[in-house]
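Heads up, the sequence shown is in this note's numbering, so the first residue is 1 and it goes up one at a time.
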Amino acid sequence: MTPFQALLTGPDGDSAGTAVSARFFDGQLLVDAPRTTVDIAQLVVSVGGVDGPELFLNWLDAQGRQASLKPLTADDIAIVLNEAPAALQPQLQRLWRERQRNRRQVSGWLAGLTGAAVVATALLWWQGGNAISALAGLIPLSTEKQLGELALSQVRAQGGIAENGATQQTVRDIGQRLTAGSRYQYRWLVKNDDTVNAFAMPGGIIVVHTGLLRQAGDPGELAGVLAHEVQHVEQRHSLRQMISSLGWGALVGVTIGDISAVAAMLAHQAGTLYFSRDMEDEADRLGLLALQRARIHPDGMLSFFQKLGKTDGATPPDWLSSHPQTTARAQQIRSLIAATPCPACQPIHSSGWQQMKAALPASTK
Ligand SMILES: [Zn+2]
1 MTPFQALLTG
11 PDGDSAGTAV
21 SARFFDGQLL
31 VDAPRTTVDI
41 AQLVVSVGGV
51 DGPELFLNWL
61 DAQGRQASLK
71 PLTADDIAIV
81 LNEAPAALQP
91 QLQRLWRERQ
101 RNRRQVSGWL
111 AGLTGAAVVA
121 TALLWWQGGN
131 AISALAGLIP
141 LSTEKQLGEL
151 ALSQVRAQGG
161 IAENGATQQT
171 VRDIGQRLTA
181 GSRYQYRWLV
191 KNDDTVNAFA
201 MPGGIIVVHT
211 GLLRQAGDPG
221 ELAGVLAHEV
231 QHVEQRHSLR
241 QMISSLGWGA
251 LVGVTIGDIS
261 AVAAMLAHQA
271 GTLYFSRDME
281 DEADRLGLLA
291 LQRARIHPDG
301 MLSFFQKLGK
311 TDGATPPDWL
321 SSHPQTTARA
331 QQIRSLIAAT
341 PCPACQPIHS
351 SGWQQMKAAL
361 PASTK
């Protein structure tokens, strides 16, 4: 098969990336010097690049260290897309081809437009789901952060938010292990609320309810939930969903500093963003990878899902009702764990865990 040039980061490529040649052969990815063979089933595709599209093939080596291969040029990416075995195609199709189609469409539109014209076009357009996804990728990080700040101020206004203290620190300590190298600066908040819920807001704000902390049996289960929520930020799911429910007018308001109307809309919305099944799958998959990258045993992600799924009663916990298809997803997480063994992963320890559990307010239910 045709070799392609790529940058290898991680196992034995250096941290800035080592130029290598690679190719697909017989259900495997072969990398020359350092010589590596990876089963296709172990590859996880991700896309990135704020300024230009980038494709990554990620895996974990036998010691649980993450490796990442980035095809160098458009030609190299084309070889990967054309020659990747069938088992890898569904991931490539969904993540890469879809994104490219949107980007082409958008850059064509944006080419002759500036300023107000862009905004007007966007406003006319925002009801199309694809347009939202594509345009969300063009929103500057600074605007996303402002939108997050605004949403946060609304959550604060509802009361019961802890931004420091022993409980918040325990959540933060576990969460921070999952965000190394992120372009976001995360903030971890605990909300005194009995419902079993956690949510992510644009710009890197994660809110966990005390009801969920009470349900989490050990630090590994909390790490599983946080790993998932972090990916809703990293993949900009929260941003996209917020825009699709508020409209582009909200972004314009934030950008030009007229935030009163946006704030009023957000007040009704904070904590109730719903994601598509694709977004949930992506958050599960990349969340699992983030756990393994942090050398945290990912079983907690699965066990928390299963535990909540078994909860008696007609109404499932909030975190599950905003995260539907529990059984299918638990199954998928189980297969992913089986396909990407992580011998170096350990159960996560948290020195403040017992203290946090003891300090949680009693349930009023
Ligand atoms: Zn989710």
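By construction, the Cβ of each residue, glycine as well, lies at the ideal position given by its N, Cα and C atoms. Treat the numbers as computed from the prediction; the structure is a model and nothing was measured.
Handout entry: Simplified DSSP state of ARG334, which is helix, strand or coil
Key = As a working note, residue 334 is residue 334 in the sequence shown. In the structure shown, ARG334 sits in a helix (DSSP, three-state: H, G or I).
Exercise for the section: In angstroms with no decimal places, state the Cα-to-Cα distance between SER363 and ASP193. Expected result: As a first step, residue 363 must be located in the sequence shown, where it is residue number 363. As a first step, residue 193 must be located in the sequence shown, where it is residue number 193. Taking the straight line from one Cα to the other gives about 9 angstroms.
Handout entry: Euclidean distance between Cα positions of TRP353 and LEU289
Key = For the purposes of this step, residue 353 is identified with residue 353 of the sequence shown, where counting begins at 1. For the purposes of this step, residue 289 is identified with residue 289 of the sequence shown, where counting begins at 1. Whole-angstrom Cα-Cα distance: 24 angstroms.
Handout entry: C-alpha distance - PRO347 paired with GLN154, whole-angstrom precision
Key = On the sequence shown, position 347 is the one that residue 347 refers to. On the sequence shown, position 154 is the one that residue 154 refers to. Using only the alpha carbons, I get a separation of about 36 angstroms.
Handout entry: ILE77 - partner residues in DSSP beta bridges
Key = Residue 77 sits at position 77 when you count from the first residue of the sequence shown. Its beta-bridge partners do not exist; DSSP assigns none.
Practice task
Please decide whether PRO11 counts as near chain C, where near means a Cβ-Cβ distance under 8 angstroms.
Solution key: Absent from the structure is chain C; it holds one protein chain and no more.
Handout entry: Residue burial classification, GLY159 (beta-carbon count within 10 angstroms, cutoff 16)
Key = Here residue 159 corresponds to residue number 159 of the sequence shown, with the count starting at 1. By the Cβ-count criterion, GLY159 is exposed, with fewer than 16 other Cβ atoms from all chains shown falling within 10 Å of its own Cβ.
Practice task
May I ask you to check if the CB of PHE275 is nearer than 7 angstroms to at least one heavy atom of ligand 1?
Solution key: For this step, residue 275 is matched to residue 275 along the sequence shown. Result yes, Cβ under 7 angstroms from ligand 1.
Problem - Spatially closest choice to GLU229 from PHE275, SER244, GLY253, by CA coordinates - result: Within the sequence shown, the letter at position 229 stands for residue 229. Considering only alpha carbons, the answer is PHE275.
Problem - Three or more C-beta pairs below 8 angstroms linking the segment 178-192 and the segment 328-337 - result: No, they do not touch.
Practice task
Indicate whether HIS399 and VAL225 have their beta-carbon atoms separated by less than 8 angstroms.
Solution key: Not covered by the structure: residue 399. The range shown for the chain is 1 to 365.
Exercise for the section: Assign PRO341 to one of two classes, buried (16 or more other C-beta atoms within 10 Å of its C-beta) or exposed (fewer than that). Expected result: Here residue 341 refers to the residue found at position 341 when the sequence shown is read from its first residue. Counting Cβ neighbours within 10 Å, PRO341 comes out exposed, since fewer than 16 surround it.
Exercise for the section: On a CA-only basis, which of LEU81, MET356, LEU29 is nearest ALA378? Give me that one, please. Expected result: Absent from the model: residue 378. The displayed extent of the chain is 1 to 365, so no value can be given.
Problem - Whole-number beta carbon distance between SER303 and GLU234, since they are thought to touch under 8 angstroms - result: The residue labelled residue 234 in the question sits at position 234 within the sequence shown. The residue labelled residue 303 in the question sits at position 303 within the sequence shown. For GLU234 against SER303, the beta-carbon gap comes to about 23 angstroms, at or over 8 angstroms, which does not count as contact.
Exercise for the section: State yes or no: is the C-beta of HIS232 nearer than 7 angstroms to some heavy atom of ligand 1? Expected result: As a position in the sequence shown, residue 232 is number 232, starting the count at 1. Within the cutoff, so yes.
Practice task
Flag GLU280 as yes when its Cβ comes closer than 7 angstroms to any non-hydrogen atom of ligand 1, and as no otherwise.
Solution key: In the sequence shown, residue 280 corresponds to position 280, counting from 1. In this structure, ligand 1 has a non-hydrogen atom nearer than 7 angstroms to the beta-carbon of GLU280.
Exercise for the section: Indicate, with yes or no, if ligand 1 has a heavy atom lying under 7 angstroms from the CB of ALA283. Expected result: Here the question's residue 283 lines up with position 283 in the sequence shown. Flag set: Cβ of ALA283 near ligand 1.
Handout entry: First through last residue of the alpha helix (DSSP H) which encompasses SER363
Key = Residue 363 sits at position 363 when you count from the first residue of the sequence shown. Counting along the chain, SER363 falls outside any alpha helix (DSSP H), and DSSP gives it neither H nor E.
Problem - Cβ-Cβ distance between ILE174 and LEU189 below 8 angstroms - result: As a working mapping, residue 174 is identified with position 174 in the sequence shown. As a working mapping, residue 189 is identified with position 189 in the sequence shown. No.
Problem - Cutoff 8 angstroms; reference GLN168; Cβ partners in own chain excluding five residues on either side - result: Against the sequence shown, residue 168 aligns to sequence position 168. For GLN168, same chain residues with a beta-carbon under 8 angstroms away, outside a window of 5 residues either side, are ALA162, TRP188, LEU189, VAL190 in chain order.
Handout entry: N-terminal and C-terminal residue of the alpha helix (DSSP H) that ALA198 is part of
Key = For the purposes of this step, residue 198 is taken as residue 198 along the sequence shown, with counting starting at 1. Counted as a single uninterrupted DSSP element, the stretch harbouring ALA198 is not any alpha helix (DSSP H) but the beta strand (DSSP E) occupying residues 198-201.
Practice task
Spatial neighbours of GLY287 within its chain, please: CB distance less than 6 angstroms, with the 5 preceding and 5 following residues excluded, ordered by chain position.
Solution key: The sequence position of residue 287 within the sequence shown is 287, counting from 1. Only ALA227, HIS228, GLN231 meet the Cβ criterion.
Exercise for the section: With hydrogens ignored, establish whether the beta-carbon of HIS209 is closer than 7 angstroms to any heavy atom of ligand 1. Expected result: By one-based count along the sequence shown, residue 209 stands at place 209. No, since every heavy atom of ligand 1 falls outside the 7 angstroms radius drawn around the Cβ of HIS209.
Practice task
Decide if MET356 is buried, meaning its Cβ has at least 16 other Cβ atoms within 10 Å, or exposed.
Solution key: Position 356 of the sequence shown holds residue 356. Buried, by the Cβ-count rule.
Handout entry: Cβ-Cβ distance between ILE139 and LEU60 below 8 angstroms
Key = Numbered from 1 along the sequence shown, position 139 holds the residue referred to as residue 139. Numbered from 1 along the sequence shown, position 60 holds the residue referred to as residue 60. Contact check for ILE139 against LEU60 fails: the beta carbons are separated by 8 angstroms or more.
Practice task
Excluding the 5 residues preceding and the 5 following ARG94 in the sequence, name in chain order all residues of the same chain whose CB lies nearer than 8 angstroms to its CB.
Solution key: Against the sequence shown, residue 94 aligns to sequence position 94. Excluding the 5 residues flanking it on each side, ARG94 has same chain C-beta neighbours closer than 8 angstroms at ASP278, in chain order.
Handout entry: Rounded C-alpha distance that separates GLN91 from SER46
Key = Mapped onto the sequence shown, residue 91 falls at position 91. Mapped onto the sequence shown, residue 46 falls at position 46. The alpha-carbon separation between GLN91 and SER46 amounts to approximately 9 angstroms.
Exercise for the section: Measure the C-alpha to C-alpha separation of ALA339 and PRO71 and round it to an integer number of angstroms. Expected result: For the purposes of this step, residue 339 is identified with residue 339 of the sequence shown, where counting begins at 1. For the purposes of this step, residue 71 is identified with residue 71 of the sequence shown, where counting begins at 1. Looking at the two C-alpha atoms, the distance is approximately 23 angstroms.
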